[in-house]
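Have a look at the structure below, then the notes.
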Amino acid sequence: MLRWQWQGYRHTHSSQANLVIHVITVPAFLLGTLAVVYAIVTLTGWWAVAGVLAMATAMALQGVGHRLEPSAPAPFTGLGNAASRIFLEQWVTFPRYLLSGAWRRNSLS
């Protein structure tokens, strides 16, 4: 799935506005994920609520960004597909896209 996601990533992440949205929201999603894990470990409900809200807000804003793209991402084929694609994009693919400079090469082409 990572290879498939990476191969099509530049086509669905070429808008500068979407890139800015992702730069802001991916860290929020990551922190939200960590907050949920912390909530489970410490049995603290409010951390779970805060984490889920951060993750949901990040997804909603990224949905806005994806609508700005000339090419839409492939639709999800089910709940498992959605969860794995979302977590892989947030934790692996977007950080790789940003840190590798692929976004810069994509915006210049």
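Going by the numbering used here, the first residue of the sequence shown is number 51, and it counts up by one from there.
Each residue gets a CB set at the ideal place from its N, CA and C atoms; glycine is no exception.
Query - Same chain, Cβ closer than 7 Å to A67, five either side skipped, listed in chain order - result: G115, L118
**Report entry** Length of the line joining the Cα atoms of Q55 and L148
**Finding:** 14 Å
Query raised in the report: Sorted by chain position, which residues of the same chain lie with C-beta nearer than 6 Å to T132's C-beta, five sequence neighbours on each side aside?
Result: Per the sequence presented here, residue 132 reads as Ala, with Thr not at that position. The answer, listed in chain order, is F126.
Query raised in the report: So, are the CB atoms of A104 and L81 less than 7 Å apart?
Result: yes
Requested in this report: Compute the distance between the beta-carbons of A108 and A152, then report whether it is under 7 Å.
Outcome: no
Query - Per-residue burial, L69 [other beta carbons within 10 Å of its own, 16 or more giving buried] - result: buried
**Report entry** Same chain, Cβ closer than 7 Å to F144, neighbours up to 5 away in sequence not counted
**Finding:** H72, V76
Query - Reference S64; option with closest CA among M51, I136, A122 - result: A122
**Report entry** Between the CA atoms of L52 and R155 - distance to the nearest angstrom
**Finding:** 20 Å
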